[in-house]
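Numbering (the UniProt record's numbering), first residue to last: 1 to 348. Cβ atoms here follow ideal geometry from the backbone N, Cα and C, with glycine treated the same way. Everything below concerns the one structure shown next.
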Ligand code: CP3
């Protein structure tokens, strides 16, 4: 079977599939003991992201351990940001720290648009190594979207209220536009290089877009994502694009205008409500905390999502956000098996 005929790619294109395919955000992460061991051996998290042999190995863990239908490149949305000229460190218990902070138009001028082949060769090499070993399932590439990346850059790390990001957006249009423009170029070139290196579909993480009102999102963030998507579709018309963010119910109609194939949903959106607002394939949307309950409850929640997903153009199952580190890997495997079993029954 050609990879192009894999159920994940078919579901993305809105074609009929024999079962509902599943992958899980953060599927190669801390809930896996093998991941934790390799991570220890590698040194820091960024060291692991830059080590193609180990990053490829980590990418493939969830294929073997829990049987998901696709692998997602092991990396982080902040990996290309470092090559724009901003230091990125992951501090245990604190999350990412970015410095120096970008505070003026001149600071933005100093930022580079990385050339992936020259500046991020380890990412492309990781993709090539994975593609040599993973021959029966798709590989997903990814990037952050400009707004989510800008929020890390302006805040210097994770944020609760997005004071620096939003006040820059409102008060300093020149700074905002030049930063978002550079990020849009960076993301376009980065994803395009991932596709040339071999990824079969890509996900754009605009994880924090939901903190913006609809009006602000349309004005300050959406145009940049739209520019990226349009350019990718021009260069790589056959590569499906997934767009995802959390708490973004109010932005569904706007995002439906993006030329993407799939819209990722978190668990706070009811699928029928989402389908009233979008006509694309969907991805999602089990609450990650559901994996801390018993099998019966997981099964009933999965069944509901699968039944509702039948009405979508196409459906890729996923959690509504990343799998949580304390999750029991056995529950993740149970989820994958249950999605396959019930969806085969529903789709036969
Ligand atoms: O999904 C996958 O398995 C692929 C790999 C992947 C990671 N991060 C690995 C990772 C992907 C796609 C990401 C995306 C990412 N990174 C996002 C968007 C997705 C989302 O969560 O909405 C964001 C916002 C980031 C930024 C980031 N990376 C944060 C805030 C943190 C710290 C979180 C924490 O709990 O400490 C990371 C670290 C990170 N990225 C880990 C992994 C496996 C944990 C690193 C470790 O300590 O081993």
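Pull up the distance between the alpha-carbon of residue 257 and that of residue 240, whole angstroms please. Near 15 Å, if we compare the C-alpha coordinates of residue 240 and residue 257.
Please list the segments of the alpha helix (DSSP H) lying wholly inside the segment 11-73, counting only runs of 4 or more residues, in order along the chain. Within the segment 11-73, the complete alpha helix (DSSP H) runs of at least 4 residues are 33-42, 45-49 and 52-65.
Residue 70 CB to nearest heavy atom of the ligand CP3 below 8 Å: When distances are taken from the beta-carbon of residue 70 to the heavy atoms of the ligand CP3, even the shortest one reaches 8 Å or more.
Tell me the DSSP secondary structure of residue 167 in three-state form. It is helical.
Alpha-carbon to alpha-carbon, residue 72 and residue 350: No answer is possible for residue 350: it lies beyond the span of the chain, which begins at 1 and ends at 348.
What are the boundary residues of the beta strand (DSSP E) that includes residue 309? Looking at the DSSP string, residue 309 is not in any beta strand (DSSP E); the run it does join, the alpha helix (DSSP H), is 295-309.
If we require 3 or more residues per run, which beta strand (DSSP E) segments fall completely within the segment 241-304? You should have 241-244, 262-264 and 281-286.
Residues near residue 200 by beta carbon distance below 6 Å, same chain, minus five either side: Apart from sequence neighbours up to five positions away, the residues of its chain that approach residue 200 with a beta-carbon distance below 6 Å are 3, 138 and 139, ordered along the chain.
What I want to know is whether the C-beta of residue 292 ends up closer than 8 Å to one or more non-hydrogen atoms of the ligand CP3. No - the ligand CP3 has no heavy atom lying nearer than 8 Å to the Cβ of residue 292.
Spatial neighbours of residue 317 in its chain, beta-carbon cut-off 6 Å, leaving aside the 5 residues before and after: Correct list, in chain order: 20, 22 and 339.
Suppose you measure from the CA of residue 232 to the CA of residue 277; what does that come to, to the nearest Å? Spanning the two alpha carbons is a distance of roughly 24 Å.
Is the beta carbon of residue 62 closer than 9 Å to that of residue 28? The answer is yes: Cβ separation under 9 Å.
Would residue 116 pass as a contact of residue 146 if the rule is Cβ separation under 9 Å? Not a contact, by the Cβ cut-off of 9 Å.
Taking Cβ to Cβ, would you say residue 158 is nearer than 9 Å to residue 96? Residue 158 places its beta carbon less than 9 Å from that of residue 96.
With distances taken Cα to Cα, identify the nearest neighbour of residue 312 among 285, 337, 181 and 202. In terms of Cα proximity to residue 312, the closest of 285, 337, 181 and 202 is 285.
For residue 141 versus residue 203, is the C-beta spacing smaller than 9 Å? When the beta-carbon positions are compared, residue 141 and residue 203 come within less than 9 Å of each other.
Given the structure, does residue 246 come close to the ligand MG, in the sense that its CB is under 8 Å from one of the ligand's heavy atoms? Absence of the ligand MG from the depicted structure is noted, with the ligand CP3 being the only ligands included.
Quick check: does the Cβ of residue 325 come within less than 8 Å of any heavy atom belonging to the ligand CP3? At least one heavy atom of the ligand CP3 sits closer than 8 Å to the Cβ of residue 325.
For residue 160 and residue 299, the rounded distance between their alpha carbons: The straight-line gap from Cα to Cα measures roughly 34 Å.
Hey, would you say the C-beta of residue 165 is under 8 Å away from at least one heavy atom of the ligand CP3? Incorrect: residue 165 has no Cβ contact closer than 8 Å to the ligand CP3.
Please list the segments of the beta strand (DSSP E) lying wholly inside the segment 131-184, counting only runs of 3 or more residues, in order along the chain. Correct list: 139-144.
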